[in-house]
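Asker: Take a look at the following structure, please.
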Amino acid sequence: MGDLAGKVALITGSGRGMGRAHALVMAGRGADIVIHDILKDEAAKTAEDVRALGRKVFVSNADVSDVAAMKETVAEAEAALGGIEILVNNAGITSERTGIEGVDEAFFQRMYDVHVKGTFFTTQAVVPGMKERGRGKIVNVSSMWASTGHPTGATYIAAKGAILGLTKAWALEFAPWKITVNAITPGGVITEMVMAKGGMDYVREASKKVPLGRYADIEEMAYTAAFLASPESDFITGQVIGPNGGQSIVGI
Ligand SMILES: NC(=O)c1ccc[n+]([C@@H]2O[C@H](COP(=O)([O-])OP(=O)(O)OC[C@H]3O[C@@H](n4cnc5c(N)ncnc54)[C@H](O)[C@@H]3O)[C@@H](O)[C@H]2O)c1
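Residues in the sequence shown are numbered from 1 upward in steps of one, following the working numbering.
This is the structure:
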């Protein structure tokens, strides 16, 4: 049994990609998992694999931007598995690949709904239980681009920047209840989201800008999240950690 034994973790967007890796690594360390993804088949597959590790699951296919549905997910999951002690706000959608002219109001709104509204209200649903228990671990998934910028993707970067703001504000707001709040700012990670952008050609080209010379595997993000969810990180809050192969080092 690992260092997350007996904990319940809600991981949004855990049907595939990094969210799936968070679920499997945390389950491997003893946590029961609330699997959440709008993609039903992918969520069911993660659930099957978590169960195979001997852990319990609760599955929700709610849209993360649907405030009422996420509140219901939290209530039902806690009735089934017990209080949620770990929340990973991971669900996300890809950036625009255009300049400012290519963004319409609906695209802008969706970007904020999924990343900012989703993170805000899922956390709002989970925090009362964490306060009651006097402990909790919240890991918000932002992006390296929130620190570095990028010539395309302004709405994505702004939404991911807002997630850094929430992280710092909540670290202060929730500290009296011993709830820690930290953010991960991944660099390039090989997932379906990245493959959809341009496949391995895109990854090979982009890897040239990474000092360690490659994109990350999903597990490398999951180990960071699992650390931030574990008692080993109890004195770390309001921090931003960037597993990015050195790509955000200034001056290289
Ligand atoms: N892949 C990268 O290089 C990279 C880099 C930096 C940050 N990120 C961020 O990491 C997180 C995970 O990304 P990924 O690369 O694993 O992407 P992914 O597309 O493989 O996984 C994202 C998951 O979120 C789910 N999701 C999206 N919108 C949802 C909604 N409205 N309701 C419920 N579920 C929803 C998707 O169905 C999917 O399973 C995202 O927040 C992304 O922005 C990714």
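Each residue gets a CB set at the ideal place from its N, CA and C atoms; glycine is no exception.
Go through its chain and collect everything with a Cβ distance to G118's Cβ below 8 Å, but skip five positions before and after it.
Answerer: Position 118 of the sequence shown holds residue 118. The residues are T12, V64, S65, M70, N89 and A91.
Asker: Does the region 149 to 159 come within contact of the region 204 to 213, defined as at least 3 CB pairs closer than 8 Å?
Answerer: As far as the Cβ criterion goes, the region 149 to 159 does not touch the region 204 to 213, which means the pair count is below three.
Asker: Where does S230 fall in DSSP's three states?
Answerer: As a working note, residue 230 is residue 230 in the sequence shown. Coil, per DSSP.
Asker: Cβ of V189 within 7 Å of Cβ of M221?
Answerer: Walking along the sequence shown from the start, residue 189 turns up at place 189. Walking along the sequence shown from the start, residue 221 turns up at place 221. Cβ atoms of V189 and M221: closer than 7 Å.
Asker: CA-CA distance, A169 and I138?
Answerer: Residue 169 sits at position 169 when you count from the first residue of the sequence shown. Residue 138 sits at position 138 when you count from the first residue of the sequence shown. Their Cα atoms are separated by approximately 12 Å.
Asker: According to DSSP, is T180 part of a helix, a strand, or is it coil?
Answerer: For the purposes of this step, residue 180 is taken as the residue at position 180 of the sequence shown. Strand at T180.
Asker: For I252, which three-state DSSP category applies?
Answerer: Along the sequence shown, one-based indexing puts residue 252 at 252. Confidence is the limiting factor: at I252 the pLDDT is only 49, short of 50, which leaves the residue's position unreliable and the question unanswerable from this model.
Asker: A52 to A44, Cα distance in whole Å?
Answerer: By one-based count along the sequence shown, residue 52 stands at place 52. By one-based count along the sequence shown, residue 44 stands at place 44. Each residue's alpha carbon lies about 12 Å from the other.
Asker: Identify the continuous beta strand (DSSP E) that holds S60 and give its terminal residues.
Answerer: Here residue 60 refers to the residue found at position 60 when the sequence shown is read from its first residue. Note, S60: beta strand (DSSP E), V57 to S60.
Asker: Between the beta-carbon of E42 and the beta-carbon of G15, is there less than 7 Å?
Answerer: Counted from its first residue, the sequence shown places residue 42 at position 42. Counted from its first residue, the sequence shown places residue 15 at position 15. Result yes, Cβ atoms of E42 and G15 sit closer than 7 Å.
Asker: Comparing C-alpha positions only, which one of G161, G136 and N140 sits nearest to T148?
Answerer: In the sequence shown, the residue the question calls residue 148 occupies position 148. If we check each option's Cα against that of T148, G161 comes out closest.
Asker: Select from A226, S248, K131 and S142 the residue whose C-alpha is nearest the C-alpha of M111.
Answerer: For this step, residue 111 is matched to residue 111 along the sequence shown. Residue S142 is the option with its Cα nearest to M111.
Asker: Helix, strand or coil for V103? Go by DSSP, reduced to three states.
Answerer: As a position in the sequence shown, residue 103 is number 103, starting the count at 1. Of the three classes helix, strand and coil, the one that applies to V103 here is coil, per DSSP.
Asker: Start and end of the beta strand (DSSP E) containing L87?
Answerer: By 1-based counting over the sequence shown, the position of residue 87 is 87. I86 to N89 is the extent of the beta strand (DSSP E) around L87.
Asker: Cβ of S207 versus every heavy atom of ligand 1: is any distance shorter than 6 Å?
Answerer: Counting from 1 along the sequence shown, the entry for residue 207 is found at position 207. No, the Cβ of S207 stays beyond 6 Å of every heavy atom of ligand 1.
Asker: Can the beta-carbon of T191 be found less than 7 Å from the beta-carbon of G83?
Answerer: Within the sequence shown, the letter at position 191 stands for residue 191. Within the sequence shown, the letter at position 83 stands for residue 83. No.
Asker: Within 10 angstroms of the Cβ of R29, are there 16 or more other Cβ atoms? Answer buried if so, exposed if not.
Answerer: Indexing the sequence shown from 1 puts residue 29 at position 29. Buried: at least 16 other Cβ atoms inside 10 Å.
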